[in-house]
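Enquirer: Before I ask anything, here is the structure I am working with.
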Amino acid sequence: MKTIIFILNILLLFSSCLSKESRKEIRLAKVNKPLNLATYFSKMKAIPLDSSVTVGQVDKVIIAQDKIILSDFNIMKSLRVFDLNGKQLAYRDDIGEGPLGMSEISDFCIYEQKIYVLNGARKHIYTFDLELNQLEDIDLAYSAGSLKVTNEGILTYHQNFSEDNINSFNQYDLQGNLIQGFYPINSELDKPYVGNEEFLVRGNELIHYHPFVDSLIILSNLAIKASYFLDFEDQFYPLSEYTSISHPLDRLKKFNEFKGYKNINHGIGLPDNKYLFSIIHDHTHKFLLINLTTHNMMLYEKLKNDFLTLPSQIKFMGNDENQAWFTIDPVILDQFYRINYDKINEEDMLINPGIEHNPIIFIAEFKNP
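Under my numbering, the residues of the sequence shown are numbered 350 to 718, in order.
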């Protein structure tokens, strides 16, 4: 079963409420050969984004309703809609009230032909149609960093403790009326560093993970269904050392110097109850394939891509039941083609090295089961 992934950009709870002994253990194995993407995907295509506009650093991508919806940062944050050929259909950098209305897009998601855009600090959701025409606004009771909207209502997440909000998650109806809050905030994860935090949505289940925590937690009907301990043989970044350092620059220095396993992010769901994540190990970008059926995980140093000539440093941004999508840092792609210029056929290069270009969105279709 292929999964729907929901990417968050805030520090996420992965809790200390369960002991290591109560969690199912996932053991690590290192693999010398690259992970072959053809194992899971049947084809792949590249979609260069409209060259008549300037797209900044991409924060989040959702592919739905035969459209690419993304948020990016170029001087200020904006929201854009493209067709599946990369042509820009709609653009807004004036979401919100006044000249600072776009100072924060905390998160966005798609539900029933609507785009829900969260301004977490202002406790507000703006809604738009797929042409980015503004619809109704929704006020929230509490600030938040992320959201997901389903027929169950609006789910928001926030890690920073405040006197009026002690819960990490708050559930609202579709009009913004608070239903309940749950899971007390974990103060150990209350200090931002650098990187993204995620949770995945799979049917009625939430799969939670955090760059600093060697755990996966699965919740169903707002209760913990299963918890998995990712056994990196005591080589995962020690959270206790991170929380004991008060100055943010010192915390960042400590994090950057650590050579073990750290920064689990950019997760997607694969068939057969598997999940693929990016991870840093020995200061190198690698990939972690977790199989929840066999309770093992495999570390791959590189990807094998028989579809397109690309570097391994790809960032998966999400998936649905039929496909996954990813991006590559334009600088990394340019460097890859420059270094390998004599080894790659010119027709296989997606860009002209040395010429500035917009990001490219890649779509990989899952194999039929």
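Just so you know, even glycine gets a beta-carbon here, dropped at the ideal spot from N, CA and C.
So, are the CB atoms of histidine 473 and leucine 484 less than 8 Å apart?
Expert: Contact: no.
Enquirer: Please go through the same chain and pick out, in chain order, the residues whose beta-carbon is closer than 7 Å to the beta-carbon of glycine 502, but skip the five residues on each side of it.
Expert: Excluding residues within five positions, the ones whose Cβ falls inside 7 Å are Gln520, Tyr521, Asp522, Leu523, Ile528.
Enquirer: Here's the rule: buried if 16 or more other CB atoms are within 10 angstroms of the residue's CB, otherwise exposed. What is histidine 557?
Expert: So histidine 557 counts as buried.
Enquirer: With DSSP collapsed to three states, give me the class of proline 397.
Expert: Proline 397 falls in the strand class under three-state DSSP.
Enquirer: Please state if the CB of alanine 387 and the CB of leucine 292 are separated by a distance shorter than 8 Å.
Expert: Absent from the model: residue 292. The displayed extent of the chain is 350 to 718, so no value can be given.
Enquirer: Starting from the Cα of leucine 568, find the closest Cα among Phe431, Ile412, Tyr577 and give me that residue.
Expert: Nearest of Phe431, Ile412, Tyr577 to leucine 568, Cα basis: Tyr577.
Enquirer: Quick check on DSSP: helix, strand or coil for serine 492?
Expert: Residue state, collapsed to three classes: coil.
Enquirer: Provide the residue span of the alpha helix (DSSP H) that contains aspartate 683, from first to last.
Expert: Looking at the DSSP string, the run of the alpha helix (DSSP H) that includes aspartate 683 is 679-688.
Enquirer: On the three-state DSSP scale, how would you describe phenylalanine 604?
Expert: If DSSP states are grouped into helix, strand and coil, phenylalanine 604 belongs with the helices.
Enquirer: My guess is that isoleucine 652 and isoleucine 663 are in contact by the Cβ rule of under 8 Å, so how many angstroms apart are they, rounded?
Expert: The sequence as given places leucine at residue 652; isoleucine does not occur at that position. At roughly 7 Å, the Cβ-Cβ gap stays under 8 Å, so leucine 652 and isoleucine 663 are in contact.
Enquirer: Can you name the residues that DSSP bridges to aspartate 486?
Expert: Beta-bridge pairing links aspartate 486 to Tyr475.
Enquirer: For the segment 681-699 against the segment 414-421, do three or more pairs of beta-carbon atoms, one drawn from each stretch, fall closer than 8 Å, so that the two count as touching?
Expert: No, the segment 681-699 does not touch the segment 414-421.
Enquirer: Using CA coordinates, which residue listed in Ile411, Asn482, Gln584, Ser595 is at the minimum distance from arginine 441?
Expert: The shortest Cα separation from arginine 441 among Ile411, Asn482, Gln584, Ser595 belongs to Asn482.
Enquirer: Among the candidates Glu590, Lys574, Ile573, whose CA atom is the shortest distance from the CA of valine 562?
Expert: Nearest C-alpha to valine 562: Glu590.
Enquirer: Since isoleucine 709 and isoleucine 677 are thought to touch, with beta carbons under 8 Å apart, how far apart are those beta carbons, to the nearest angstrom?
Expert: Confirmed, Cβ separation roughly 7 Å.
Enquirer: Can you name the start and end residues of the beta strand (DSSP E) that glutamate 714 belongs to?
Expert: Unbroken beta strand (DSSP E) run through glutamate 714: 709-715.
Enquirer: Starting from the Cα of glycine 609, find the closest Cα among Lys623, Ile375, His632, Leu601 and give me that residue.
Expert: Glycine 609 has its Cα closest to that of His632, out of Lys623, Ile375, His632, Leu601.
Enquirer: Taking DSSP's pairing of strands, which residues face phenylalanine 390 in a bridge?
Expert: Answer is Phe715.
Enquirer: Between which two residues does the beta strand (DSSP E) containing glutamate 590 stretch?
Expert: Unbroken run through glutamate 590 is the alpha helix (DSSP H), 588-593; no beta strand (DSSP E).
Enquirer: Just mark isoleucine 375 as buried or exposed, buried being the case when its beta carbon has 16 or more other beta carbons within 10 Å.
Expert: The residue in question, isoleucine 375, is buried, as its Cβ has 16 or more Cβ neighbours within 10 Å.
Enquirer: Where do the N-terminal and C-terminal ends of the beta strand (DSSP E) with glutamate 670 fall, by residue?
Expert: Taken as a continuous stretch (DSSP letters only), glutamate 670 belongs to no beta strand (DSSP E), as it is neither H nor E.
Enquirer: State the Cα-Cα distance for the pair aspartate 655 and lysine 409, rounded to the nearest angstrom.
Expert: Their Cα atoms are separated by approximately 26 Å.
Enquirer: Roughly how many whole angstroms lie between the Cα atoms of glutamine 584 and lysine 602?
Expert: Approximately 18 Å between the Cα atoms of the pair.
Enquirer: To the nearest angstrom, how far is it from the Cα of threonine 643 to the Cα of leucine 637?
Expert: For threonine 643 and leucine 637, the distance between alpha carbons rounds to 15 Å.
Enquirer: Can you tell me the Cα-Cα spacing of phenylalanine 431 and leucine 398, whole angstroms?
Expert: In a straight line, the C-alpha of phenylalanine 431 is about 8 Å away from that of leucine 398.
Enquirer: Can you tell me where the beta strand (DSSP E) holding arginine 372 begins and where it ends?
Expert: Careful: arginine 372 lies outside any beta strand (DSSP E) and carries neither H nor E.
Enquirer: Tell me whether leucine 598 sits in a helix, a strand or coil according to DSSP, three-state version.
Expert: Of the three classes helix, strand and coil, the one that applies to leucine 598 here is helix, per DSSP.
Enquirer: Short of 8 Å in beta carbon distance, which residues of its chain neighbour serine 391, apart from the five on each side in sequence? Order them along the chain.
Expert: Glu714, Phe715, Lys716, Asn717, listed in sequence order.
Enquirer: Work out the CA separation of phenylalanine 518 and phenylalanine 626 for me, nearest whole Å.
Expert: Phenylalanine 626 and phenylalanine 518: Cα-Cα distance of roughly 24 Å.
Enquirer: Taking the straight line between their C-alpha atoms, what separation do you get for serine 401 and isoleucine 613?
Expert: In a straight line, the C-alpha of serine 401 is about 35 Å away from that of isoleucine 613.
Enquirer: Does the separation of the CB atoms of glycine 469 and alanine 493 fall below 8 Å?
Expert: A contact, by the Cβ cut-off of 8 Å.
Enquirer: Taking the alpha carbon of arginine 471 as the reference point, which residue from Ala378, Ile487, Leu479, Lys463 has its own alpha carbon closest?
Expert: Taking only the C-alpha atoms, the option nearest arginine 471 is Ile487.
Enquirer: Tyrosine 491 and aspartate 513 - do their beta-carbons sit closer together than 8 Å?
Expert: Going by C-beta atoms, aspartate 513 is nearer than 8 Å to tyrosine 491.
Enquirer: Have a look at Asn500, Asp691, Lys426, Phe711 and flag the residue whose alpha-carbon is nearest the alpha-carbon of leucine 467.
Expert: For the residues Asn500, Asp691, Lys426, Phe711, the minimum Cα distance to leucine 467 belongs to Lys426.
Enquirer: So which of Phe457, Leu479, Gly616 has the shortest CA-CA distance to threonine 499?
Expert: Answer by Cα proximity: Phe457.
Enquirer: With distances taken from CA atoms, which of Asp599, Leu555, Lys436, Leu598 is nearest glycine 616?
Expert: It is Leu555 whose Cα lies nearest to the Cα of glycine 616.
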